[in-house]
Amino acid sequence: MAREDRFPAWEAALLAGVAAVFAAGLVGVYISMPHSDYSFLKLPRNLQDLKVLTDHLEDYTSDYTVQVLVGYCAVYIFMQTFMIPGTIFMSLLAGALFGQLGGLALVVFAATAGASSCYFLSKLVGKPLVFSLWPDKLMFFQKQVAKRREKLLNYMLFLRVTPTLPNTFINFASPIVDVPYHIFFLATAIGLIPAAYVTVRLPFSEPQAGIALSDLRSLNDLYDPQSIALLFLIGIVSVTPTLLSKNETQAKASDVAASTN
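Taken in order, the sequence shown gives residues 3 to 263; the numbers are from the numbering used here.
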């Protein structure tokens, strides 16, 4: 794969245009919300911000559920599309506001939509940026995708479930290394479920079920060794068909070679 470090002016203009469209949509969501004191509305950058936001939104969500859902999805998809850090806090917020099942469904939907948006944006203008930010990871990813083309869905599921490669990188690099969208979509929608469940598994309104939001001191409280081990176990199970297929191919090749000698 030849390096492409240049970022043409038309691609920069297109990227800015897409960002402007998203920004206009967010402003529209904000304006459409019922009048109130919105000084608390800001992207949570730490657990303290998240707690403040949750405290203000809990009562608001029960009265204006649709507005909160639309606003939440718009913000999450915007962050995913433009690789803005902090979606982990948005996932925690979903669990805090909508509980386990509702939060899980919301996070998986928003994350899949945001990842898809990032995929198509990268397909249009992402190649120079990917080469600039992750040249080594990109070469590694391309080689792995080429080797596992026949069982690509299993490999992509493995990447989504485990922290082997950052999700941000996967979203942006997949179209560059020719991962078909249907494979990307299925791996994202299915593969994000375990990690999303780890994040929103606690119904924060019921502290007896586990760690309440007010008890969290750092994100490490969420990703304990057992949770990480479980994610890797799921990832290994997902990639097992690929490994078995590879062994079967090698065995057949050995049998053919033996029979010709």
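Each residue gets a CB set at the ideal place from its N, CA and C atoms; glycine is no exception.
So the alpha helix (DSSP H) residue i belongs to, where does it begin and stop?
{"i": "Glu60", "result": "49–65"}
{"i": "Lys149", "result": "137–149"}
{"i": "Phe1", "result": "Not covered by the structure: residue 1. The range shown for the chain is 3 to 263."}
Counting only the same chain and skipping the five closest in sequence on each side, list residues whose C-beta sits under 8 Å from that of residue i.
{"i": "Gly104", "result": "Ala96"}
{"i": "Cys75", "result": "Leu108, Phe111, Ala112, Ala115"}
{"i": "Arg47", "result": "Gly88, Phe91"}
{"i": "Lys139", "result": "Leu167, Phe171, Ala175"}
{"i": "Ser118", "result": "Tyr183, Phe186, Phe187, Thr190"}
Once you ignore the five residues that flank residue i on each side, which residues in its own chain have a CB closer than 7 Å to its CB?
{"i": "Phe2", "result": "Residue 2 cannot be examined here, being either before or after the span of the chain that is shown, 3 to 263."}
Go ahead and pull the three-state DSSP assignment for residue i.
{"i": "Ser34", "result": "helix"}
{"i": "Met85", "result": "coil"}
{"i": "Ser118", "result": "helix"}
{"i": "Gly101", "result": "helix"}
{"i": "Lys125", "result": "helix"}
{"i": "Thr166", "result": "coil"}
{"i": "Leu45", "result": "coil"}
{"i": "Pro209", "result": "With a pLDDT of 40 at Pro209, under the threshold of 50, the modelled position of this residue cannot be trusted, and the question is left open."}
{"i": "Ser256", "result": "Confidence at Ser256 is low in this model, with a pLDDT of 44, below 50, so the placement of that residue should be treated as unreliable; the coordinate-derived value is given next. Ser256: helix per DSSP, three-state reduction."}
Whose C-beta lies closer than 6 Å to the C-beta of residue i among residues of the same chain, with five residues either side of it excluded?
{"i": "Thr89", "result": "Met81"}
{"i": "Gly19", "result": "none"}
{"i": "Gly193", "result": "Leu159, Arg162, Val163"}
{"i": "Trp136", "result": "Phe171"}
{"i": "Asp51", "result": "none"}
For the stretch 175–206, which segments carrying the alpha helix (DSSP H) assignment without a break, of at least 4 residues, lie completely within its bounds, in sequence order? 183–202
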